[in-house]
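Worksheet for the structure shown next.
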Amino acid sequence: MALSLHQAFVPNCQQTLDALSGLIDKGEAHVKEHGLTDADLIEAQLAGDMWPLPWHVRSCWVHSAYAVEQLQTGTFTPNFSDVPETWDAMRAQITDAQEKLAGFTEADLEPIADKDVAFIMGGKALFEGKGQEFLLSFNQPNLYFHATTFYDILRHKGVTLGKTDFLGPMRLSRN
273 MALSLHQAFV PNCQQTLDAL SGLIDKGEAH VKEHGLTDAD LIEAQLAGDM
323 WPLPWHVRSC WVHSAYAVEQ LQTGTFTPNF SDVPETWDAM RAQITDAQEK
373 LAGFTEADLE PIADKDVAFI MGGKALFEGK GQEFLLSFNQ PNLYFHATTF
423 YDILRHKGVT LGKTDFLGPM RLSRN
């Protein structure tokens, strides 16, 4: 059975964003339980040359619903203009992405599968590919990278998490 582009991309994004929402909740709870300031986690990074926690939420937003919207235009230009600064702002970005993803249908994604798309940064086209290639070999791995980094920052800062926190609610069929 072949998967449509929608089936290969949207549900995986939704699952990852659901998990990220739970990670945000656990991060905030950890701050309260341990008498920390929000900044202790929100400003945390794995390394000095890596982004802090909220940037990874923004990146997950960029590489999920925003990516689908962008690819419909034939270009993809990352938008990092609204990096969340609070736990609630991070939740709001996840909610925004989830609502947009829920609105996409197979009919919305199939036309972009073979559409030429250019990656534009700094006003220059850095590379081009088909929409399906962008979503599955650029956006989806980026989504996973940033969700993983968010998880890793929390773990590094002592938040009690396990693999199921990263996986989120799995989509299992019931017989």
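The sequence shown maps to residues 273 to 447 in my numbering.
No residue lacks a Cβ here, since even glycine has one placed at the ideal position from N, Cα and C.
Measure the Cβ-Cβ separation of residue i and residue j and say whether it is below 9 Å.
| i | j | result |
| --- | --- | --- |
| D424 | K402 | no |
| A291 | G430 | no |
| F348 | F410 | yes |
| L308 | L408 | no |
| V389 | E400 | yes |
| F376 | V282 | yes |
| H335 | Q412 | yes |
Compute the beta-carbon to beta-carbon distance between residue i and residue j, rounded to the nearest angstrom, for a pair I have assumed lies under 8 Å.
| i | j | result |
| --- | --- | --- |
| L373 | A337 | 5 Å |
| C285 | L415 | 6 Å |
| W359 | E305 | Not confirmed; about 14 Å, so no contact. |
| F422 | V329 | 7 Å |
To the nearest angstrom, how far is the alpha carbon of residue i from that of residue j?
| i | j | result |
| --- | --- | --- |
| T288 | E341 | 18 Å |
| R363 | G346 | 29 Å |
| L426 | E357 | 16 Å |
| D310 | A369 | 23 Å |
| Q344 | Q404 | 11 Å |
| I366 | S293 | 7 Å |
| A361 | L318 | 21 Å |
| E315 | T436 | 25 Å |
| D312 | M442 | 31 Å |
| D297 | G395 | 37 Å |
| E378 | Q279 | 8 Å |
| M393 | W333 | 17 Å |
| A397 | F391 | 5 Å |
| S331 | F438 | 16 Å |
| T432 | D354 | 28 Å |
| P350 | A419 | 17 Å |
Using DSSP's beta-bridge definition, name the partner residues of residue i.
| i | result |
| --- | --- |
| K402 | D388 |
| F348 | F391 |
| K396 | M393 |
Using a Cβ cut-off of 9 Å (strictly closer), state whether residue i contacts chain B.
| i | result |
| --- | --- |
| G440 | Checking the listed chains, one finds no chain B in this structure; it contains a single protein chain. |
Can you find at least 3 beta carbon pairs, one from the segment 376–390 and one from the segment 318–333, that sit closer than 8 Å?
no
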